[in-house]
Amino acid sequence: MIETGIKGSVRREVSPEMTAAAVGSGSLEVLATPVLMTMAEQAAAESLLPFLADGESTVGTRMDFRHDAPSPIGAVAVCETELVEVDRRRLVFRISARDGSGEIGSGTHERFLVDSARFMSKAASRFRSR
966 MIETGIKGSV
976 RREVSPEMTA
986 AAVGSGSLEV
996 LATPVLMTMA
1006 EQAAAESLLP
1016 FLADGESTVG
1026 TRMDFRHDAP
1036 SPIGAVAVCE
1046 TELVEVDRRR
1056 LVFRISARDG
1066 SGEIGSGTHE
1076 RFLVDSARFM
1086 SKAASRFRSR
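Position in the sequence shown counted from 1, then plus 965, gives you our numbering.
#1: Determine, using beta carbons only, whether Glu1045 and Ser974 come nearer to each other than 9 angstroms.
#2: Can a CB atom of chain D be found closer than 9 angstroms to the CB of Phe1016?
#3: For the 8 angstroms Cβ check, are there 3 or more pairs between the region 1013–1022 and the region 1059–1066?
#4: Can you grab the Cα-Cα spacing for the pair Thr969 / Leu1048, in whole Å?
#5: Under the assumption that Leu1056 contacts Arg1076 (Cβ atoms under 8 angstroms), give the Cβ distance between them as a whole number of angstroms.
#6: With a floor of 3 residues, list each beta strand (DSSP E) that falls wholly inside the region 1008–1053, ordered by position along the chain.
#7: For Ala1062, name the three-state secondary structure that DSSP assigns.
#8: CB Ser1101 to CB Pro999, shorter than 9 angstroms?
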């Protein structure tokens, strides 16, 4: 059963491939905001895996995120999530991110619990109807 309090964490050493310059979100060689947001989404999604029934998955639907401080190449960034709200299929996580020098970001992330086969069928039909 999915209940509040579920926690997740992703830890990465910032590499050149993870920088704003490399991913195209800026020109500087610091941890890119899209990469940090991906870490948050991964932490949330992976934290739910032990609680999903066969054929269930979760999909990200919303991200409200502040990236407040830069992390240079070589810094270790940690993104942690905690499930703080469950409303039927809607799951809301609090996000906190830090590196060795302190907090670098915070926010919330929303996911929805879905039936995997039904969701993929819907995705395929949207593509075919174009």
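Heads up, the beta-carbon is just placed ideally off N, CA and C, and yes, glycines get one too.
Reading from the atomic positions:
#1: Result yes, Cβ atoms of Glu1045 and Ser974 sit closer than 9 angstroms.
#2: Reference to chain D is not applicable here, since this structure consists of a single protein chain.
#3: Flag = no, the region 1013–1022 and the region 1059–1066 do not touch.
#4: Approximately 5 angstroms between the Cα atoms of the pair.
#5: Arg1076 and Leu1056 do touch by the CB rule: their CB atoms are close to 5 angstroms apart, below 8 angstroms.
#6: DSSP runs (the beta strand (DSSP E)) wholly in the region 1008–1053: 1021–1032 and 1041–1052.
#7: Three-state DSSP puts Ala1062 in a strand.
#8: The requested residue 1101 does not occur in the structure, where the chain is confined to residues 966 to 1095.
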